[in-house]
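In our numbering, the protein residues as written are 29 to 537. First comes the structure, then the notes that go with it.
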Ligand code: UN1
């Protein structure tokens, strides 16, 4: 079931974007070469000027200068900016959520969820500001104390993707600010307006609490802007979310100047369904994880590894749910699947479906374009493809709603199949058998950064560390002790005795 759009929709979307920016206290941008488009229609919402190289340089300079004072502000006082940001986000949750829908195409419930995720990480960061703990260790020497202290790192470059245009920025920025770092943000060039809105909310927060607004800088544009941040020695940490291809260029360049990287790259997430699984619960978890956000989360479920005995009943349930998914305008109530971000995503999806079928895959449902929305908007029905084997196309991440289904007989084979992809972000097993569940979480089980039991692969809470292994890049953001990536550790040995004993019992007399 789908809805069509009225011919005036592009105009309405443009006016709505203007109104939302105003409501969010954001100055409308001056027109320029960077086009902000809505995937709802493919039409332009606004245009703006990309940040020129000299201005990127100046932004890094301002962030570096602001860092000198910011690092000495006590962490609980730094948290005041984040607390005010959380208040502003709460006040503007619906407006910012709607702007996310306009620009990234995700449905209202998910867009508001994304803003909630920002508020959650702000609350986490506020508490964290009093918990940047270092350890004290017993010294081997009499009259000595050994401890570690955590210090701000410097300028953090945040390079974020279109699919979580605001939450991933907040994960990084809320932590970086309480940790005493300053931030230069390069959002996706597909979502410049939500970035303008977030930047102005943060500027407002800083002004309201009397902090230096220069602690946050926004630079806009394409890969060349990101490149400049990657290569600038004043940037201490590059936190980048995006494709494996992007990570492959970023990581060695940052390493070459001994900078630090925090990478959140592609995922190719799978769920194993065992014979003991609660199939109704599994089906619900699978449908949200595979079709939600039109398959455009890095945590999207892309592979389903099902025991042969439950393949039939599980697939019946999932296919029935897929048939009821409403694809359409994400601004409309009841729509669960919005558009793909652009035509390139659509083409990548079609190409992957063709390759899968050439490999012997059987298209069970979906995959077709819903073309009631004009030539420049790309809506698709989420696809399910039964695969005879985990071929090359299945081992790649295609950022679109395709769920490949494979079957297994022995759990060991399922775990091997699960791990036999280059990426390692998120994973799940649906089972009511404790041995199977523990097998999946064990050292020789899932090799991912996230491994869930009876929950889909997407929709993680902010309290845990978020990130993955192998080609996913190894970074951890958001909760737990991810804050350590945003700080530097100093080991301090303090001698309060009148002697000078050397470690390891060395005598040097
Ligand atoms: C992403 O897709 O880049 O776990 C982030 C999730 C969300 C975050 C996704 N909390 O699906």
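A virtual CB, placed ideally from N, CA and C, is assigned to each residue, including glycine. Since this is a predicted model, take the numbers as computed values, not measurements.
- The straight-line gap separating the alpha-carbon atoms of residue 303 and residue 469 is approximately 18 Å.
- Contact between residue 226 and residue 197 holds: their C-beta atoms lie close to 6 Å from each other, under 8 Å.
- Under the DSSP assignment, residue 121 falls in the alpha helix (DSSP H) whose first and last residues are 121-132.
- Looking from the CA of residue 186, the closest CA among 162, 216, 284, 178 belongs to 216.
- Comparing alpha-carbon positions, the option among 432, 93, 417 lying closest to residue 296 turns out to be 432.
- For residue 481, the three-state secondary structure derived from DSSP is strand.
- The three-state secondary structure of residue 136, taken from DSSP, is helix.
- In this chain, the beta strand (DSSP E) harbouring residue 173 covers 172-180.
- Taking C-beta atoms as the reference points, residue 99 and residue 208 count as a pair closer than 8 Å.
- Residue 156 carries a helical assignment under DSSP once its states are collapsed to helix, strand and coil.
- The way I'd put it, the stretch 304-314 does touch the stretch 337-353; three or more beta-carbon pairs between them come closer than 8 Å.
- Proximity to residue 324 across 362, 347, 271 peaks at 271, based on C-alpha coordinates.
- Our two residues, residue 266 and residue 451, have alpha carbons roughly 20 Å apart in a direct line.
- One Cα belongs to residue 43, the other to residue 518, and the distance between them is close to 52 Å.
- For residue 200, the Cβ stays outside the 7 Å cut-off from all heavy atoms of the ligand UN1.
- Bridge partners of residue 335 according to DSSP: 436.
- Per DSSP, residue 63 lies in no alpha helix (DSSP H); the unbroken beta strand (DSSP E) holding it starts and ends at 62-65.
- Between the C-alpha atoms of residue 115 and residue 223 there is a straight-line separation of about 18 Å.
- Residue 230 is positioned such that its CB atom lies no closer than 8 Å to that of residue 41.
- For secondary structure counted as the beta strand (DSSP E) over 3 or more consecutive residues, the stretch 414-471 holds these complete runs in sequence order: 430-436, 454-458.
- Proximity to residue 483 across 336, 457, 410 peaks at 457, based on C-alpha coordinates.
- Proximity to residue 101 across 210, 489, 463, 423 peaks at 210, based on C-alpha coordinates.
- At a Cβ-Cβ threshold of 8 Å, residue 56 and residue 46 count as neighbours.
- Collapsing the DSSP output to three states places residue 58 in coil.
- When 486, 368, 290, 530 are compared, the shortest CA-CA separation from residue 167 is found for 530.
- Around the beta carbon of residue 536, a 10 Å sphere encloses fewer than 16 other beta carbons of the protein chains shown; the residue is thus reported as exposed.
- When only Cα atoms are considered, residue 260 and residue 154 end up about 30 Å apart.
- When only Cα atoms are considered, residue 334 and residue 421 end up about 19 Å apart.
- Taking non-hydrogen atoms of the ligand UN1 into account, the C-beta of residue 492 is found less than 7 Å away from none of them.
- Going by DSSP, residue 73 is part of the beta strand (DSSP E) stretching over 72-76.
- Within 7 Å of the C-beta of residue 326 there is at least one heavy atom belonging to the ligand UN1.
- The ligand UN1 has no heavy atom closer than 7 Å to the beta-carbon of residue 194.
- Taking 8 Å as the cut-off, the beta carbon of residue 262 is found no closer than this to the beta carbon of residue 412.
- Taking the Cα of residue 314 as reference, the smallest distance to any Cα among 504, 486, 491 is reached at 486.
- Residue environment analysis places residue 464 among the buried positions, since at least 16 neighbouring C-beta atoms fall within 10 angstroms of its C-beta.
- For residue 498, the beta-bridge partners assigned by DSSP are 451.
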